[in-house]
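Residue numbering for the sequence shown follows the working numbering, beginning at 350 and increasing consecutively. For reference, the structure is listed below as structure tokens.
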Amino acid sequence: MDEVVVVGGGPAGRVLARACAARGLVTTVVDPNPGRRWRATYAAWSDELPPGAPVAVSTSAARAVTTTEHVIPRGYAVLDNERLWRLPDEVRVVAGRVVGRTGTGVALADGRVLSGRVVDASGAVGGRAAQTAVGVVVPAAEARPFVGPDEALIMDWRRPPAATTADPTFLYAIPVSADEVLLEETSLARRPGLPLRELRLRLHARLAEHGIAVPAEEERVRIPLDGRARGGAFGAAAGWIHPATGYSVAAALRRAPVVAEAISAGRGVPRPVAERVVRVLRLRGLESLLALRPDEVPEFFNSFFEMSDSLQRDYLGGPDDLRGTVRAMTRLFGSASWGMRARLAFPVHSAKSARTPG
Ligand SMILES: Cc1cc2nc3c(=O)[nH]c(=O)nc-3n(C[C@H](O)[C@H](O)[C@H](O)COP(=O)(O)OP(=O)(O)OC[C@H]3O[C@@H](n4cnc5c(N)ncnc54)[C@H](O)[C@@H]3O)c2cc1C
């Protein structure tokens, strides 16, 4: 069958549809609202992106503040949503909601049927742990107290001047155009996600400290970190969201040509065993992260940024990089203090006593 139906027109679905069409497959994307533009700011480490990825802005270095400051000699890129979204004319775009599979394709809520090999790119489903964040875009000159030119502030764990709970959050600051910066207060992982009002309060307090007026528009982020991974799926639907970063778009960009090739060869979406094991390990890592005491989280990331560049890359690497994941997790565990090691190793028991309500 040389027809493909991609369910979902998010970043993953569109990237895959483009790759399928480039291999001559008759490609359809179906999404309830296919004309809607994304308002999220999608970013990734530059070296995680394949050549030709649609980049809007990039920096040549990054910085992280944990218990100390780390300069990371690694480029960081913000993707160009318009180019990521646009599809070639050969891709058919259908407005509709898929409600089930038929023997030869999918059934839509309005009774239509679309034929072709089906790939589920309909996003993350389920799970209770989430990364949440509230961000605003401000002129780069105003953001200078937080982030310098040509750098991305990946995380700054110094506590904001206002906080009503003990939950650890950090400031993320990245350029989104030549003269604008996104400042985002982020809760990396919490079950359930930290309410946006707490993040907003903390972000506004940071802005007020430097006399920066609060812009009217804000970016609201909620990324499920432990959603269900579905077989035959692609992108967040396949469980590719990294629980330690909330990221999946770079993985979709890298994997799209491989998956399109497999589909055109009649093999369907590959799901290597390594990918399943990496997911189990990463979810285990998420539980460990959730079990840390608030004051241990910056310490944990300090250990992370003290690892070699290649181990850091391994930890954040692709969803099927089993060897790298094991290597990096082992090193991180080994460099933790004894108390933290106990919580990393037995996360469930510690989690109950260590979390603060909020
Ligand atoms: C504000 C925000 C910022 C983020 N920033 C980053 C970042 O910087 N870097 C990064 O890598 N990740 C980021 N993420 C996380 C993650 O990578 C994104 O959630 C990304 O959108 C996942 O892409 P996706 O295409 O797999 O899923 P989605 O973007 O969720 O797309 C799924 C699509 O499928 C459609 N759909 C759902 N059900 C059906 C159905 N039954 N029939 C048809 N269509 C259906 C949905 O309407 C949607 O359009 C961010 C997330 C948010 C919310």
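For each residue, glycine too, the CB sits at the ideal point set by N, CA and C. On a predicted model such as this, the values are computed, not experimentally measured, just so you know.
Could you give the distance in angstroms between the alpha-carbon of residue i and the alpha-carbon of residue j?
{"i": "Val406", "j": "Val375", "result": "33 angstroms"}
{"i": "Leu548", "j": "Ala389", "result": "17 angstroms"}
{"i": "Asn382", "j": "Leu398", "result": "27 angstroms"}
{"i": "Glu624", "j": "Ile561", "result": "44 angstroms"}
{"i": "Val563", "j": "Gly634", "result": "35 angstroms"}
{"i": "Thr594", "j": "Thr453", "result": "37 angstroms"}
{"i": "Gly484", "j": "Asp351", "result": "43 angstroms"}
{"i": "His559", "j": "Leu545", "result": "22 angstroms"}
{"i": "Ala501", "j": "Ala489", "result": "12 angstroms"}
{"i": "Ser395", "j": "Gly460", "result": "43 angstroms"}
{"i": "Val448", "j": "Leu436", "result": "24 angstroms"}
{"i": "Asn430", "j": "Arg385", "result": "12 angstroms"}
{"i": "Pro403", "j": "Trp687", "result": "44 angstroms"}
{"i": "Arg477", "j": "Trp589", "result": "16 angstroms"}
{"i": "Pro722", "j": "Leu665", "result": "No information on residue 722 is available, as it lies outside the stretch 350 to 707 that the chain covers here."}
{"i": "Glu567", "j": "Gly465", "result": "39 angstroms"}
{"i": "Gly358", "j": "Ser684", "result": "42 angstroms"}
{"i": "Arg372", "j": "Arg616", "result": "14 angstroms"}
{"i": "Ala691", "j": "Ala640", "result": "10 angstroms"}
{"i": "Arg662", "j": "Ala492", "result": "28 angstroms"}
{"i": "Val420", "j": "Phe654", "result": "9 angstroms"}
{"i": "Ser657", "j": "Gly445", "result": "47 angstroms"}
{"i": "Thr705", "j": "Val622", "result": "Note that Thr705 scores 36 on pLDDT, short of 50, meaning its location in the model is unreliable and no value can be drawn from it."}
{"i": "Ala522", "j": "Ala392", "result": "11 angstroms"}
{"i": "Gly401", "j": "Val629", "result": "31 angstroms"}
{"i": "Ala482", "j": "Thr518", "result": "9 angstroms"}
{"i": "Arg508", "j": "Ala605", "result": "39 angstroms"}
{"i": "Arg571", "j": "Thr451", "result": "32 angstroms"}
{"i": "Ala703", "j": "Asp505", "result": "Confidence is the limiting factor: at Ala703 the pLDDT is only 37, short of 50, which leaves the residue's position unreliable and the question unanswerable from this model."}
{"i": "Val379", "j": "Gly362", "result": "9 angstroms"}
Less than 8 angstroms separating the Cβ of residue i from some heavy atom of ligand 1?
{"i": "Tyr664", "result": "no"}
{"i": "Val447", "result": "yes"}
{"i": "Asn430", "result": "no"}
{"i": "Trp394", "result": "no"}
{"i": "Ile503", "result": "no"}
{"i": "Ser597", "result": "yes"}
{"i": "Ile590", "result": "yes"}
{"i": "Pro403", "result": "no"}
{"i": "Asn382", "result": "yes"}
{"i": "Phe583", "result": "yes"}
{"i": "Arg603", "result": "no"}
{"i": "Glu547", "result": "no"}
{"i": "Val356", "result": "yes"}
{"i": "Ser613", "result": "no"}
{"i": "Trp434", "result": "no"}
{"i": "Ala361", "result": "yes"}
{"i": "Ser471", "result": "yes"}
{"i": "Arg555", "result": "no"}
{"i": "Glu352", "result": "no"}
{"i": "Arg628", "result": "no"}
{"i": "Glu567", "result": "no"}
{"i": "Ala538", "result": "no"}
{"i": "Trp387", "result": "yes"}
{"i": "Val496", "result": "no"}
{"i": "Ser390", "result": "Before going further, note that residue 390 is Thr rather than Ser in the sequence given. Yes - ligand 1 has a heavy atom lying nearer than 8 angstroms to the Cβ of Thr390."}
{"i": "Ala579", "result": "What sits at residue 579 in the sequence shown is Arg, not Ala. Checking the Cβ of Arg579 against ligand 1 gives no."}
{"i": "Val525", "result": "no"}
{"i": "Arg450", "result": "no"}
{"i": "Ala411", "result": "no"}
{"i": "Arg571", "result": "yes"}
{"i": "Ala586", "result": "yes"}
When the distance is taken between beta carbons, is residue j closer than 9 angstroms to residue i?
{"i": "Val468", "j": "Val618", "result": "yes"}
{"i": "Val525", "j": "Val496", "result": "no"}
{"i": "Val627", "j": "Thr674", "result": "yes"}
{"i": "Arg540", "j": "Ala512", "result": "no"}
{"i": "Thr377", "j": "Val440", "result": "yes"}
{"i": "Leu457", "j": "Ala601", "result": "no"}
{"i": "Ala538", "j": "Gln480", "result": "yes"}
{"i": "Val708", "j": "Leu433", "result": "As displayed, the chain neither begins before 350 nor continues past 707, which places residue 708 out of reach and without an answer."}
{"i": "Leu532", "j": "Leu543", "result": "no"}
{"i": "Val356", "j": "Cys369", "result": "no"}
{"i": "Thr408", "j": "Pro647", "result": "no"}
{"i": "Arg642", "j": "Leu660", "result": "no"}
{"i": "Ala557", "j": "Pro510", "result": "yes"}
{"i": "Arg620", "j": "Ala587", "result": "yes"}
{"i": "Pro668", "j": "His591", "result": "yes"}
Is residue i near ligand 3, with its Cβ less than 8 angstroms from a heavy atom?
{"i": "Gly454", "result": "This structure simply doesn't include ligand 3; it includes ligand 1 instead."}
| query | With contact counted as at least three CB pairs below 8 angstroms, one residue from each stretch, are the segment 560-580 and the segment 455-475 in contact? | reply | yes
| message | To test your reading of the DSSP string, which unbroken beta strand (DSSP E) runs of 3 or more residues are found completely within the segment 502-588? | response | For the segment 502-588, the continuous beta strand (DSSP E) assignments of 3+ residues that do not extend past its boundaries occur at 519-526, 529-539 and 568-573, in sequence order.
| field | Length at least 4, wholly inside the segment 463-487: the alpha helix (DSSP H) runs in chain order | value | none
| Unbroken alpha helix (DSSP H) runs of length 4 or more, entirely within the segment 582-656: which are they? | 598-613, 622-640 and 645-655
| field | Unbroken stretches of the beta strand (DSSP E), 3 residues or longer, contained in the segment 354-404 | value | 375-380 and 392-394
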